[in-house]
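Peer 1:
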Amino acid sequence: MTLTRDEIEHELEQLHQQSFAWALSCCGRNPVDAEDVLQMTYLKILDGSAKFEGRSSFQTWLFGIIRRTASSRWRKFVNREQILRRYFQIEPEATVTGVEINEEYPANIRKLLQALKCPHSLATRPVRFSSFHVVQNTPFLA
0 MTLTRDEIEH ELEQLHQQSF AWALSCCGRN PVDAEDVLQM TYLKILDGSA KFEGRSSFQT
60 WLFGIIRRTA SSRWRKFVNR EQILRRYFQI EPEATVTGVE INEEYPANIR KLLQALKCPH
120 SLATRPVRFS SFHVVQNTPF LA
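Residue 60 in numbering that gives the first Met the number 0 sits at position 61 of the sequence shown, with consecutive numbering throughout.
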């Protein structure tokens, strides 16, 4: 069963919200990566690289392409990290340890850090590189 371009575009439009939710799931809940994966998926479908042959439902076929696109993107990211580590001795993950409560912090942040009954290094987590952009982890302050 072959669909015309108009039928494919209609199906993609109908499934866009579910497709984005699935892309989010495949990208570790990162909306920027999910948008990129979904855009790459749509391009694969619309340029004919991926063809619907009717062996499953359109949604199943689409979600499979999204999953494989996200996996491919992740593999490229992991390979990039390995190259950085091996050839340039660059650690893609910077760490921050031993954060002190210091008078330069705004009063509300100092108060929150003091209220936490845990080591301060747990409150301000490392800055890490995640899929080509920097993310600051602050689970207790979010």
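Ideal Cβ positions, reconstructed from N, Cα and C, are used throughout, including at glycine. Small disclaimer: the values here were computed from a predicted structure and weren't measured.
Which of the three DSSP states is assigned to M165 in this structure?
Peer 2: With the chain covering 0 to 141 only, the question about residue 165 has no answer from this structure.
Peer 1: L45 and I7: beta carbons closer than 9 Å?
Peer 2: yes
Peer 1: Locate the alpha helix (DSSP H) running through R85, then write down its first and last residues.
Peer 2: F57 to F87
Peer 1: Would C25 and R66 qualify as a contact pair, given that the criterion is a beta-carbon distance under 9 Å?
Peer 2: yes
Peer 1: Would you mind stating whether Q58 and L23 have Cβ atoms separated by less than 9 Å?
Peer 2: no
Peer 1: Where does F19 sit, in a helix, a strand or coil, going by DSSP?
Peer 2: helix
Peer 1: Suppose you measure from the CA of L2 to the CA of R74; what does that come to, to the nearest Å?
Peer 2: 31 Å
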